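Chains as they are written, first to last, in the working numbering: chain H, 76 to 610; chain A, 1184 to 1537. All C-beta atoms in this analysis are idealised placements derived from N, C-alpha and C, irrespective of residue type, glycine included. Note that the structure is a prediction, hence the values are computed from the model and not measured.
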């Protein structure tokens, strides 16, 4: 080889149209020791280069570089044509670049997996679902099968099983985690311990998922760090007997365990908190109303703060002892919103329950409630309506007393809407209570509507920021003549909510007391349905 | 069903009888009709879906045709609700649930709970554990419920097209919480065409189909769409026309009302109530326009306008007042090309004045 490139650091090979080597430089001779001018390219260089040469000769062009291995290194080869038709192959070693590229692809794949895993784990705050996601991911990426063991509750051990490519199953076992070596320690969450490879022969039968098939080759117990909250542990099963993680697997396994542990502990905290809230709210939520002693009751409630279910409005129906005794209905509004107001409504409801034997005298009941509220040190005051209802023939007789509350509205059969003539002072603000009681009778199909000012003060409407107002409420009610109590409540709630639209509104509560029409089962004294299904 | 089970025509007769007593407001008779049919061998799912559901469908039709008053419509729905409750507590206890757990809810702002209730009862009969959340469920409450109970799927019901943006919110939030969503109800358009656009996992035309589809959905593991934003479903929202029309809806209504008074002298003689109705009509049109912008579907708006024109004509109100409203709205929205095009399409759907 002549010219300056004879000593070039990169291999250069010239070959003719017949596939014979014409000349080669020193670097090429070192790489292909058997190649020399006149030798066959196919016999003395790797197949990929000879193949590329045949293709180049046949087509007369080489657009893309080709690449392959030679010796212990990888090369990229580009071709040019000499004026006499020979092909000159220029080889550049690219081993390191290839290695970097391969590592990059692997790294990207691992990152994508972690992102996917973190995303999937973060979707749900439900502990059981979270277990299912975590165990499925573990079986897909870390082992042939995985078992996620949650911290025991009493003697019950919640477990989720996953075999790669199959459905996840969840069980609650009566099993002792100590049967799996290292599992109890892993479940404790502290002190931190590493993954531990254990003897597959020591696995109890419950620690192998049904349908795994074949022997277990290797088993690891991996704690899931919950940082203060026990999050559980993974048992990873392999069909082959290779113990330990490779370098790549090790990194992934640790990151995965951290993510899964964080997600599971968050789900556990959420479940604990919502469990507590649910129990407290059960007491604060308004009751579902039914027909009692031949009188129809219906109630509806929508809390103001959109993320809370309870607030400052409340209602209750306390059934009379028998058909001839009055039932007491209370609807009220504690000033303020949210949980704090709800606590005061709870206090008022409990106090009124205790005062039921005195409900024959509304004013006395209100005075005692007022005293109790003032003495409780609560700074909140309330307005409310007491309604005592009893069936008299086919009519319903009512005594209505307002304590600082909008007076109840009476919907007559002909659509006339009357305001009950009752006025009184609010509760929990002044030492003395004054109130007048109105007597009202409902004919069949007539309804008495108790509501809180969340309805009338709802702002919205087609032009925005206009109050729903009493007039609109009365108009709406006049269309409700003859409707059953539930229908009236639903209608009022619907119109007020539609009026408010997306505007924030105060708590809204409505109770309807109705005299049933003939032909309704409550009028016939028969109630064919049982408890309503809770919403 | 037993050997004495009623056949197709018996069921139609039964449904017609139920309609008569529901129409007459006789709850007692309504409960008796359905319960005695079940005692005589009618299966409970058929009672729900072939007897009660058609009656409820007819309630909607009759109301739309102005043959039922508001009071009668609410009364009929309340009676149907009672009949469903009575049926749920009648006869054999529901099968122990091994199928899984489903949450059934109405979209926020959706008051028609009966279709969802029919589905809830059907699913219970088929052995599912069902949480029925009822009418108008705000998204935060819904999502809280999903995290708390971890259901296998959410069934979401909506009958009013203007609730579709709220439905989209609920669908994407539920999926982000790892719960697949099946939707149903008239809101999702003919053939459920909007279900797919809003990214729902499935749509079903009725309760039976929904129960079948749910069994399929739950049978395979659900992998929520990764890093999915609600905007990915509806890229046209980037032009903000929906946002701006919604945010300024009240101002739009006020401006159109003022312009009508100026150009439509008859309005000076309107009563307060008539003015209020006009304002509500314009607000309603604006709401449908906004929904059509949200879905980028001119057909939704056009169908609403054609339907409104029919109703107005039936009530003896000249439909050209509707055309005037659309023109005035378009004048207010000149900077909104998609809105203007939809208003033009809607305008073409208004019959010419006689």
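Short Cβ contact (8 Å threshold) for residue i with residue j
i, j, result
"residue 407/H", "residue 476/H", "no"
"residue 206/H", "residue 220/H", "no"
"residue 1483/A", "residue 1374/A", "no"
"residue 97/H", "residue 89/H", "yes"
"residue 1349/A", "residue 1367/A", "no"
"residue 404/H", "residue 376/H", "no"
"residue 282/H", "residue 316/H", "no"
"residue 1329/A", "residue 1339/A", "no"
"residue 502/H", "residue 431/H", "no"
"residue 124/H", "residue 110/H", "no"
"residue 1229/A", "residue 1194/A", "yes"
"residue 296/H", "residue 257/H", "yes"
Residue i Cβ short of 7 Å to the ligand SAH heavy atom set
i, result
"residue 116/H", "The ligand SAH is not among the ligands present in this structure, which contains no ligands whatsoever."
Distance between residue j and residue i (C-alpha atoms, nearest Å)
i, j, result
"residue 456/H", "residue 448/H", "8 Å"
"residue 112/H", "residue 158/H", "18 Å"
"residue 1402/A", "residue 1282/A", "10 Å"
"residue 601/H", "residue 551/H", "Annotation note: pLDDT 36 at residue 601/H (below 50); position unreliable, no value reported."
"residue 1358/A", "residue 1405/A", "9 Å"
"residue 467/H", "residue 1222/A", "35 Å"
"residue 121/H", "residue 85/H", "17 Å"
"residue 318/H", "residue 325/H", "12 Å"
"residue 260/H", "residue 1355/A", "40 Å"
"residue 1478/A", "residue 1417/A", "7 Å"
"residue 530/H", "residue 586/H", "12 Å"
"residue 1389/A", "residue 1249/A", "25 Å"
"residue 1261/A", "residue 1209/A", "11 Å"
"residue 1481/A", "residue 1292/A", "23 Å"
Reduced DSSP category for residue i - H, G, I as helix; E, B as strand; rest coil
i, result
"residue 202/H", "helix"
"residue 1471/A", "helix"
"residue 191/H", "helix"
"residue 1386/A", "strand"
"residue 1393/A", "helix"
"residue 1377/A", "helix"
"residue 1460/A", "helix"
"residue 80/H", "helix"
"residue 532/H", "coil"
"residue 558/H", "coil"
"residue 1262/A", "helix"
"residue 129/H", "helix"
"residue 391/H", "strand"
"residue 538/H", "coil"
"residue 317/H", "coil"
"residue 180/H", "helix"
"residue 249/H", "coil"
"residue 304/H", "coil"
6 Å CB neighbourhood of residue i in its chain, flanking five on each side removed
i, result
"residue 606/H", "Residue confidence for residue 606/H is low, a pLDDT of 35 falling below 50, so the modelled location carries little weight and cannot support an answer."
"residue 170/H", "148, 149"
"residue 490/H", "553, 556"
"residue 323/H", "none"
"residue 1342/A", "1295, 1368, 1369, 1370"
"residue 1251/A", "1245"
Pick from the options that is closest to residue i, judged by C-alpha positions
i, options, result
"residue 1383/A", "1395/A, 1193/A, 1413/A, 1527/A", "1413/A"
"residue 565/H", "213/H, 374/H, 321/H, 197/H", "374/H"
"residue 164/H", "139/H, 146/H, 187/H", "139/H"
"residue 337/H", "209/H, 429/H, 269/H, 290/H", "209/H"
"residue 460/H", "276/H, 105/H, 424/H, 264/H", "424/H"
"residue 215/H", "154/H, 186/H, 311/H", "311/H"
"residue 1214/A", "1271/A, 1491/A, 1252/A, 1532/A", "1271/A"
"residue 154/H", "130/H, 175/H, 177/H", "130/H"
"residue 303/H", "572/H, 267/H, 389/H", "267/H"
Beta-carbon contacts of residue i that lie in its chain and below 8 Å, excluding the five residues immediately before and after
i, result
"residue 1508/A", "1439, 1443, 1464, 1465, 1468"
"residue 1284/A", "1311, 1312, 1313, 1314, 1332, 1333, 1334, 1335"
"residue 367/H", "392, 394, 395, 402"
"residue 1186/A", "For residue 1186/A, the pLDDT reaches just 45, beneath the cut-off of 50, and the residue's location in the model is therefore unreliable, although a value from the coordinates is still provided. The answer, listed in chain order, is 1224."
"residue 575/H", "533, 534, 535, 543"
"residue 82/H", "100, 101"
Cβ neighbours of residue i in the same chain (closer than 7 Å, five flanking residues each side left out)
i, result
"residue 1238/A", "1198, 1201, 1202, 1205, 1263"
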